[in-house]
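Chain order of the listed sequences is P and Z.
Be aware that the first sequence starts at 62, since it is given in our numbering, and climbs by one per residue.
Be aware that the second sequence starts at 45, since it is given in our numbering, and climbs by one per residue.
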Amino acid sequence: MRLVGDGDPRAFELLYDRHGGAAFSLAYRMVGNRSAAEDIIQEAFLAIWRSRLRYDAGRGSVRTWMLGIVHHRAIDALRHNVAHDRRRADLGGVEERHEAAERTEVEAARREEARNVRSALDELPDEQRQTLELAYFGGFSQSQIAEMLEMPLGTVKGRMRLGLEKLRSTLVEGLA
Amino acid sequence: MNDHPRHEEQVAPYLLSALPDADERDFERHLAGCADCRAEADRLRPAADALPRSVTPLAAPPRIKRSLMDTVEREAAERRGERPRRSPGERLGMLLPETLRLRPAVLAGAAVVLAALVFAAGFGVAQLGDESRTLSASVDDRRAPAGSGQLVTADGTGGTLRVRGMPEPRGGFVYQAWVKRRGEVVPQDTFEVGEDGSGAVGVEEDLQGAEAVLVTREPPSGSRRPSGPPVMRVTL
Numbered sequence: 062m063r064l065v066g067d068g069d070p071r072a073f074e075l076l077y078d079r080h081g082g083a084a085f086s087l088a089y090r091m092v093g094n095r096s097a098a099e100d101i102i103q104e105a106f107l108a109i110w111r112s113r114l115r116y117d118a119g120r121g122s123v124r125t126w127m128l129g130i131v132h133h134r135a136i137d138a139l140r141h142n143v144a145h146d147r148r149r150a151d152l153g154g155v156e157e158r159h160e161a162a163e164r165t166e167v168e169a170a171r172r173e174e175a176r177n178v179r180s181a182l183d184e185l186p187d188e189q190r191q192t193l194e195l196a197y198f199g200g201f202s203q204s205q206i207a208e209m210l211e212m213p214l215g216t217v218k219g220r221m222r223l224g225l226e227k228l229r230s231t232l233v234e235g236l237a
Numbered sequence: 045m046n047d048h049p050r051h052e053e054q055v056a057p058y059l060l061s062a063l064p065d066a067d068e069r070d071f072e073r074h075l076a077g078c079a080d081c082r083a084e085a086d087r088l089r090p091a092a093d094a095l096p097r098s099v100t101p102l103a104a105p106p107r108i109k110r111s112l113m114d115t116v117e118r119e120a121a122e123r124r125g126e127r128p129r130r131s132p133g134e135r136l137g138m139l140l141p142e143t144l145r146l147r148p149a150v151l152a153g154a155a156v157v158l159a160a161l162v163f164a165a166g167f168g169v170a171q172l173g174d175e176s177r178t179l180s181a182s183v184d185d186r187r188a189p190a191g192s193g194q195l196v197t198a199d200g201t202g203g204t205l206r207v208r209g210m211p212e213p214r215g216g217f218v219y220q221a222w223v224k225r226r227g228e229v230v231p232q233d234t235f236e237v238g239e240d241g242s243g244a245v246g247v248e249e250d251l252q253g254a255e256a257v258l259v260t261r262e263p264p265s266g267s268r269r270p271s272g273p274p275v276m277r278v279t280l
């Protein structure tokens, strides 16, 4: 990361090689549209390159940091343009999904990790999982979720907290 | 602190990015001065951080990287005060009529695919360049009596740590890599091991000037600081 901060293209390329797939996967999961996901990844990585966004090791791994940047970019796209509408139009499955081949042990490990986290999510009560997914992956605000689900705002907040609480317990304690 | 009760219920929506922009800024101001809310956010953050890791990995279209690297190389050259250099694809494209300018991109894509196939065919990282190094790890014999590990690094810009014979951490825990430099440790990715105790993790941190790569047992979403002594150490 120090070399990326120094403006080294090879270090940046390495950063992309390691995280581009995960970043694209998250963006695609959120906006459900290949071209919109590509735009988000381009913007996120160029922002890192140009502004040398500050990586704070105290806030977690490089991967967590990168995915956080992509998540915020995708949220912006969903809230400020037509990505929500595009995604709804794509729900019929017309988009082709290309799952990454397990060429390396690291990729295989990440696929296994994805299965484990999804399993933990599946352990949540439906209403909690739905609330977490609408917020995190759907980019909807708490007020929008309350309106969509026709429930009080306080209930939405409570489900978010309980969902994160249970997910944390499942992941940390291996209770799934 | 008086407005703590109002803000406490915003911790989870904040971590999920579900607060409107104005509320988010307001909450962040509160968070800076409220130890209770910070503690609650720190406690729940691992769950929020785990959500993107649930997504099935997809292959990013190669054109994203080509486009990014074209821009990055050009801007890096400008920063060095050099004339902007065009990529081979761009240079070839400039020589062709507009209608044919997609072809260099296709050729570049084929080159990327070919490179990936060569890699998949068994060209190990350690054989990719003269600068690559393979370093063996020392393992805590008491906690991982059959464990072993090797770090492959090229040019000191990170590397891949492969482990074998490691016991599966109990209680849903995973392993996490760290880079130690000047007495501080920088968190890297978490990883799991299979039934045979083998696994791998990418080490992102620049290893130049680093002292060691460490491995500890941590909660599944990883930690900011090691929770215990390392079970494995690669001295650099």
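Glycine residues also receive a C-beta, built at the ideal position from the N, C-alpha and C atoms.
Using a threshold of 8 Å, state whether the C-beta atoms of residue i and residue j are closer than that.
i, j, result
"arginine 124 (chain P)", "alanine 83 (chain P)", "yes"
"leucine 232 (chain P)", "glycine 241 (chain Z)", "no"
"glycine 243 (chain Z)", "aspartate 233 (chain Z)", "no"
"glycine 68 (chain P)", "lysine 109 (chain Z)", "no"
"glutamine 189 (chain P)", "leucine 223 (chain P)", "yes"
"leucine 75 (chain Z)", "cysteine 81 (chain Z)", "yes"
"serine 202 (chain P)", "alanine 83 (chain Z)", "no"
"lysine 227 (chain P)", "glutamate 53 (chain Z)", "no"
"glycine 202 (chain Z)", "glutamate 236 (chain Z)", "no"
"leucine 214 (chain P)", "serine 204 (chain P)", "yes"
Go through its chain and collect everything with a Cβ distance to residue i's Cβ below 7 Å, but skip five positions before and after it.
i, result
"glycine 253 (chain Z)", "Arg225"
"aspartate 187 (chain P)", "none"
"arginine 140 (chain P)", "Gly200"
"tyrosine 89 (chain P)", "Arg95, Ala98"
"arginine 177 (chain Z)", "Thr197"
Give the interface partners of residue i over in chain P, defined as CB-CB distance under 7 Å, in chain order.
i, result
"aspartate 86 (chain Z)", "None at all; the shortest Cβ gap to chain P is about 10 Å."
"alanine 76 (chain Z)", "Going along chain P, no residue has its Cβ under 7 Å from alanine 76 (chain Z), so there is no contact; the nearest lies around 15 Å."
"arginine 97 (chain Z)", "Glu174, Ala175, Val178"
Which residues bound the alpha helix (DSSP H) around residue i?
i, result
"glycine 129 (chain P)", "123-141"
"glycine 191 (chain Z)", "Counting along the chain, glycine 191 (chain Z) falls outside any alpha helix (DSSP H), and DSSP gives it neither H nor E."
"aspartate 80 (chain Z)", "79-94"
"proline 106 (chain Z)", "106-123"
"aspartate 185 (chain Z)", "Element bounds for aspartate 185 (chain Z): n/a, residue is neither H nor E."
"aspartate 100 (chain P)", "95-112"
"arginine 225 (chain Z)", "No alpha helix (DSSP H) holds arginine 225 (chain Z); the beta strand (DSSP E) holding it covers 218-225."
Since residue i is in the beta strand (DSSP E), which residue starts that stretch and which ends it?
i, result
"phenylalanine 73 (chain P)", "That residue, phenylalanine 73 (chain P), is in no beta strand (DSSP E); its alpha helix (DSSP H) goes 70-92."
"serine 202 (chain P)", "Neither: serine 202 (chain P) is in no beta strand (DSSP E) and is coded neither H nor E."
"aspartate 233 (chain Z)", "228-235"
Under 9 Å between beta-carbons, which chain P residues line up against residue i? List them in chain order, please.
i, result
"glutamine 232 (chain Z)", "Ser122, Val123, Arg124"
"threonine 260 (chain Z)", "Result: empty, since nearest Cβ-Cβ is about 13 Å, beyond 9 Å."
"threonine 201 (chain Z)", "Leu64, Asp69, Arg71, Ala72, Leu75"
Given residue i, which residues of its chain have a CB within under 8 Å of its CB, disregarding the five upstream and five downstream residues?
i, result
"valine 155 (chain P)", "Bear in mind that a pLDDT of 35 at valine 155 (chain P), under 50, signals an unreliable position, so the number given afterwards is only what the model happens to contain. If we look at valine 155 (chain P) and ignore the five residues flanking it on each side, it has no Cβ neighbours."
"proline 264 (chain Z)", "Pro90, Ala94, Gly216, Phe217, Val218, Thr234"
"tyrosine 77 (chain P)", "Phe106"
"serine 271 (chain Z)", "Thr260, Arg261, Glu262, Pro263"
"histidine 132 (chain P)", "Leu87, Met91, Tyr197"
"valine 229 (chain Z)", "Trp222, Val223, Leu258, Arg269, Pro270"
"leucine 251 (chain Z)", "Thr197, Gly200, Thr201, Gly202, Gly203, Val223, Val257, Leu280"
"alanine 170 (chain P)", "none"
In chain Z, what lies closer than 7 Å to residue i by C-beta?
i, result
"glutamine 103 (chain P)", "Ile108, Ser111, Leu112"
Identify the contact partners of residue i in chain P, using a Cβ-Cβ distance below 8 Å as the criterion.
i, result
"glutamate 236 (chain Z)", "Ala170, Glu173, Glu174, Asn177"
So residue i packs on residue j, CB below 8 Å; how close in whole Å?
i, j, result
"arginine 277 (chain Z)", "serine 182 (chain Z)", "5 Å"
"valine 178 (chain P)", "alanine 221 (chain Z)", "Wrong, their Cβ atoms sit about 19 Å apart, outside the cutoff."
"glycine 191 (chain Z)", "leucine 205 (chain Z)", "The pair is not a contact, with the Cβ atoms about 12 Å apart (cut-off 8 Å)."
"isoleucine 136 (chain P)", "isoleucine 109 (chain P)", "Not quite, the Cβ-Cβ distance comes to about 17 Å (not below 8 Å), so this is no contact."
"alanine 104 (chain Z)", "phenylalanine 73 (chain P)", "Their Cβ separation, rounded to whole angstroms, is 15 Å, which puts alanine 104 (chain Z) and phenylalanine 73 (chain P) out of contact at 8 Å."
"valine 55 (chain Z)", "alanine 85 (chain Z)", "5 Å"
"alanine 120 (chain Z)", "proline 70 (chain P)", "5 Å"
So which residues of chain Z does residue i contact, with C-beta pairs closer than 8 Å?
i, result
"leucine 210 (chain P)", "Residues of chain Z passing the Cβ test: none, with the nearest at roughly 13 Å."
"proline 240 (chain P)", "One cannot answer for residue 240 (chain P) here, as it falls past the ends of chain P, which runs 62 to 237."
"alanine 196 (chain P)", "Pro57, Leu60, Ser61, Ala62"
"methionine 81 (chain P)", "It should be noted that the sequence gives glycine, not methionine, for residue 81 (chain P). Neighbours of glycine 81 (chain P) on chain Z, chain order: Ala104, Ile108, Lys109."
Quick one: residues in its chain with C-beta nearer than 6 Å to the C-beta of residue i, no 5 flanking neighbours on either side, listed in chain order?
i, result
"proline 10 (chain Z)", "Beyond the ends of chain Z as shown, which are 45 and 280, falls residue 10 (chain Z); an answer cannot be given."
"tyrosine 58 (chain Z)", "Phe71"
"leucine 193 (chain P)", "Gly224"
For residue i, verify whether its CB is less than 7 Å away from any heavy atom of the ligand NAD.
i, result
"alanine 244 (chain Z)", "No copy of the ligand NAD appears in this structure; indeed no ligand is present at all."
By the criterion of Cβ-Cβ separation under 9 Å, what are the contact partners of residue i in chain Z?
i, result
"histidine 133 (chain P)", "Ser61"
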